[in-house]
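Before any comments, here is the structure.
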Amino acid sequence: VSSLYKSRVGSSLLPATQETGRVPCGRSGHARTTPQLRQSTRRLAAPKPSPHPRPPRVRLAAPRRAAAAMGSSLPAKEANLFKVIVKSYETKQYKKGLKAADSILKKFPEHGETLSMKGLTLNCMDRKSEAYELVRRGLKNDLKSHVCWHVYGLLYRSDREYREAIKCYRNALRIDPDNIEILRDLSLLQAQMRDLSGFVETRQQLLTLKPNHRMNWIGFAVSHHLSSNSSKAIEVLEAYEGTLEDDYPPENERYEHGEMLLYKISLLEECGMLDRALQEMHKMESKIVDKLSFREQMACILLKLGRFEEAEKIYRSLLFMNPDNYKYLIAVQKCLGLYSENGQYSADDVERLSALYNSLKKEYSWSSAVKRIPLDFLEGEKFLEAADNYVRPLLTKGVPSLFSDLSPLYEHPGKANILEQLFLKLEDSIRTSGCFPGSSQIEPPSTLMWTLLLVSQHYDRRSQYDIALDKIDEAILHTPTVIDLYSIKGNILQHAGNFSAAAALADEARSMDLADRYLNSECVMQMLQADQ
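Taking full-length UniProt numbering, the leading residue of the sequence shown gets 1, the next gets one more, and so forth.
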């Protein structure tokens with residue numbers, strides 16, 4: 001914000017070339033400075049007597065608007081106070097900013113930019129009606145101020161009136177067409193409103209004004225990418241790379257530069273230029289800091305190129321780092337030709353998959369994903385055995401999300417029936433002996449409660465709401481302090497059509513932990529459904 005308003009505090013009547021000592025840009029996009037203009041700048045910058053003292057010189061966002069700034073300039077004392085307003089706004093010291101604004105308005109009650117900044121400050125204090133009134137009044141007093149228009153746009157943006165905010169930004173740019181901050185804000189709103197052609201145009205203008213900033217090049221490339229012009233985005237990034245020296249980047253910019261290179265490689269992959277993307281990865285490997293993303297992208301490209309052995313080798317090394325990553329495990333299946341989009345596998349494929357995951361279990365015995373994925377392709381007794389081994393330790397630990405993990409299996413009716421038999425068998429064994437079937441180890445008392453919760457969710461999924469409510473009520477009687485039980489009971493009542501009772505249960509669960517945002521949100525949704 002500050003760079004916008006500095007330009008309005010004190011200005012001169014120097015032409016643009018005299019004031020900055022710059023001549024038009026060369027082909028490189030960087031301005032050149034001549035000795036004559038440097039000497040002229042030093043001579044013209046010497047202090048001159050003036051009946052009205054002026055504030056110290058500040059960096060101008062757009063030097064050429066000189067005459068327009070004169071009507072909005074303030075004496076030195078008030079100019080410094082205006083800086084205080086801006087700084088207070090940025091540091092959220094709103095009362096201090098209001099005090100400074102009031103001090104200026106005592107002497108200059110119709111100063112448009114001060115009125116606008118006061119309104120912007122009040123907007124942050126939830127005094128929106130006063131804020132809009134002051135900003136409109138400030139704009140009325142200084143229609144030619146890009147600051148007033150920009151502040152008006154910021155007000156609209158804070159209220160999510162993005163189209164009106166864009167109009168205000170465009171009016172500000174008519175007055176100050178090269179203002180970097182306004183252009184940047186405009187580009188963000190154009191992306192938000194999916195005005196992609198305007199987004200490309202604005203990012204190109206930003207790049208023209210500041211070609212030595214990497215983010216302007218990347219922003220221009222992203223604008224083309226969002227406009228479904230990935231090839232043009234690649235050209236932009238390559239043009240940027242052409243401006244760099246051989247020893248670039250320095251140590252403190254290596255990570256950001258590496259991320260840009262990975263982005264370029266992803267664009268090449270998206271355009272189907274896989275061989276070129278692979279060459280680029282080998283060429284730029286030393287400059288990419290994020291080696292994990294580098295290896296993931298390398299393996300993905302190799303897989304798409306059909307170089308399965310090389311891809312499998314990389315994915316297995318990634319599994320060694322994170323054996324619970326489903327993406328790596330599925331990729332290994334693809335490398336071995338053992339992946340089906342529809343989940344249908346031949347008997348031979350199931351046998352090979354079983355052998356694969358059995359070997360992975362020996363290597364990564366602690367991995368939950370290695371135990372869970374086989375449930376998707378196993379059938380019959382093998383499925384029952386694998387599900388039993390998967391469910392038992394999670395019931396002992398007390399994992400509330402266990403049913404959510406198993407719910408995709410209910411798309412297969414045969415597996416749903418097997419799971420019902422398994423859950424009832426586990427419940428009966430824990431009730432009678434306090435341990436799982438075939439085990440002599442006594443389970444903690446909470447295991448029965450978590451088993452009852454799992455059984456109730458199972459019957460809820462199968463639309464047997466009476467049995468589900470009986471099981472969840474028994475679980476609540478067993479351990480009445482577990483919040484998840486009340487939340488799940490509310491969901492069962494909701495599915496059964498009793499919305500008012502579901503809302504009451506959700507409110508009871510919420511009151512047990514007022515700091516839990518999920519429970520608060522769930523309660524609100526239940527109450528809305530119950531017309532409360």
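Even glycine gets a Cβ: it sits at the ideal position worked out from N, Cα and C.
Can you tell me where the alpha helix (DSSP H) holding residue i begins and where it ends?
i           : result
ALA503      : 499-512
residue 594 : A question about residue 594 goes unanswered here, because the residues of the chain that appear run from 1 up to 532.
CYS300      : 291-304
TYR315      : 308-321
LYS283      : 274-284
residue 539 : With the chain covering only 1 through 532, there is no way to say anything about residue 539.
GLU113      : 112-123
SER368      : 368-372
ASP349      : 347-363
ILE476      : 465-478
ASP159      : Taken as a continuous stretch (DSSP letters only), ASP159 belongs to no alpha helix (DSSP H), as it is neither H nor E.
residue 539 : Residue 539 lies beyond the stretch modelled for the chain, which goes from 1 to 532, so this question has no answer here.
GLU90       : 76-90
ILE438      : The identity of residue 438 in the sequence shown is Gly, whereas the question assumes Ile. Run containing GLY438: none; DSSP gives neither H nor E here.
ARG184      : 180-192
GLY138      : 128-141
GLU522      : 517-529
residue 534 : What is shown of the chain runs 1 to 532, which leaves residue 534 out entirely.
GLY490      : 483-496
LYS264      : 254-270
Which residue from the options puts its Cα closest to that of residue i?
i           : options                        : result
ALA79       : ASP275, ALA101, GLU235         : ALA101
ASN325      : ILE373, SER346, GLU285         : ILE373
ALA239      : LEU207, SER266, GLY258         : LEU207
LEU519      : HIS478, ILE483, LYS99          : ILE483
LEU267      : ASP376, GLU256, GLU235         : GLU235
ASN179      : GLU164, MET449, THR202, LYS313 : THR202
HIS213      : GLU241, SER401, VAL147, LEU469 : GLU241
PHE220      : GLU253, GLN192, ARG184, LEU244 : ARG184
TYR169      : ASP159, CYS148, ASN322         : CYS148
ASP376      : PRO177, GLU363, GLU341, HIS458 : GLU341
TYR315      : ARG307, LEU302, VAL332         : VAL332
residue 541 : CYS124, ASP176, ILE175         : In the structure as shown, the chain starts at 1 and stops at 532, and residue 541 therefore has no counterpart that could be examined.
TRP217      : SER227, GLN205, SER228         : GLN205
MET321      : SER293, LEU305, LYS334         : SER293
VAL370      : ALA530, LYS210, TYR357, GLU379 : TYR357
GLY306      : LEU244, LYS334, ALA503         : LYS334
ASP531      : ALA509, ALA501, GLU508         : ALA501
GLY337      : GLU312, LEU318, GLU385         : GLU312
HIS224      : GLU508, ASP195, ASP247         : ASP195
LEU237      : ILE265, GLU285, ALA504         : ILE265
LEU98       : THR121, LYS83, THR481, GLN297  : THR121
SER368      : ASP348, VAL391, GLU385, LEU384 : VAL391
ALA506      : GLN297, ILE492, LEU514, GLN526 : GLN526
VAL350      : SER359, GLU363, LEU378         : LEU378
SER365      : GLY380, PRO323, ASP388         : PRO323
residue 533 : GLU110, LYS107, TYR152         : The first residue shown for the chain is 1 and the last is 532, placing residue 533 beyond what the model contains.
ILE104      : GLU90, ILE85, LYS95, TYR89     : ILE85
SER228      : VAL200, ALA165, TYR255, GLN464 : VAL200
ILE476      : ARG431, GLU443, TYR486         : TYR486
LYS167      : GLU181, ASP159, LEU186         : LEU186
ILE467      : PRO480, ASP247, ALA496         : ALA496
THR481      : PRO250, SER145, SER511         : SER511
SER73       : TYR89, LYS144, LYS92           : LYS144
Check your understanding: Between the region 110-119 and the region 138-149, do at least 3 Cβ pairs fall closer than 8 Å?
Key -> Verdict: yes, contact present.
Point to revise | 4 or more residues per run - each alpha helix (DSSP H) lying fully within the region 200-250 | key: Fully enclosed alpha helix (DSSP H) runs of 4 or longer: 214-226, 230-242.
Practice item. Check whether the region 395-405 touches the region 438-458, counting contact only when three or more Cβ pairs, one atom from each stretch, lie closer than 8 Å. Key: Yes: at least three Cβ pairs fall under 8 Å.
Check your understanding: Between the region 400-414 and the region 424-439, do three or more beta carbon pairs fall short of 8 Å?
Key -> Output reads no: the region 424-439 does not touch the region 400-414.
Review point. Is the region 277-295 close to the region 256-265, with three or more CB pairs under 8 Å?
Key: Taking one beta carbon from each stretch, the region 277-295 and the region 256-265 have 3 or more pairs nearer than 8 Å; the two touch.
Review point. Are there three or more Cβ pairs, one per stretch, closer than 8 Å when the region 434-442 is compared with the region 454-462?
Key: Inter-segment contact for the region 434-442 and the region 454-462 is absent: fewer than three beta-carbon pairs are separated by less than 8 Å.
**Study point:** Sequence ranges, beta strand (DSSP E) only - wholly within the region 380-417, length at least 3
**Key:** Runs found: none.
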